[in-house]
């Protein structure tokens with residue numbers, strides 16, 4: 019039986035753009051029948067204190083948020099960042115990144 023991957027989403031769903039990203043992830047999972055369990059806080063914001071205790075296989079994160087950027091630099095799981103575009107390629111986070 020295939021493994022269900024536990025993916026933590028670190029976004030602030032109080033922001034319209036972050037909600038659209040979350041919706042897009044859900045649409046992708048639905049279309050491709052991915053075996054992912056998505057982990058988010060009940061209030062749809064992230065909690066830095068809980069990340070240490072979370073057991074997850076990967077993280078998709080809003081890298082425009084400095085707190086999230088710092089937080090994910092301290093964990094050892096695959097990370098995909100989402101955020102703004104930069105003029106200087108050296109300004110991008112050192113993780114796979116979707117520039118918007």
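Residue numbers (the numbering used here): 19 to 118.
Ideal Cβ positions, reconstructed from N, Cα and C, are used throughout, including at glycine.
Nearest candidate by alpha-carbon position, reference residue i, set the options
i: residue 52; options: 110, 23 and 113; result: 23
i: residue 90; options: 56, 32, 102 and 113; result: 113
i: residue 26; options: 77, 49, 41 and 59; result: 77
i: residue 31; options: 58, 110, 50 and 107; result: 58
Cα-Cα separation between residue i and residue j, rounded to whole angstroms
i: residue 72; j: residue 93; result: 11 Å
i: residue 47; j: residue 105; result: 32 Å
i: residue 34; j: residue 83; result: 14 Å
i: residue 29; j: residue 45; result: 17 Å
i: residue 86; j: residue 21; result: 27 Å
Beta-carbon proximity check, residue i vs residue j, cutoff 8 Å
i: residue 75; j: residue 100; result: no
i: residue 118; j: residue 103; result: yes
DSSP beta-bridge partners of residue i
i: residue 27; result: 78
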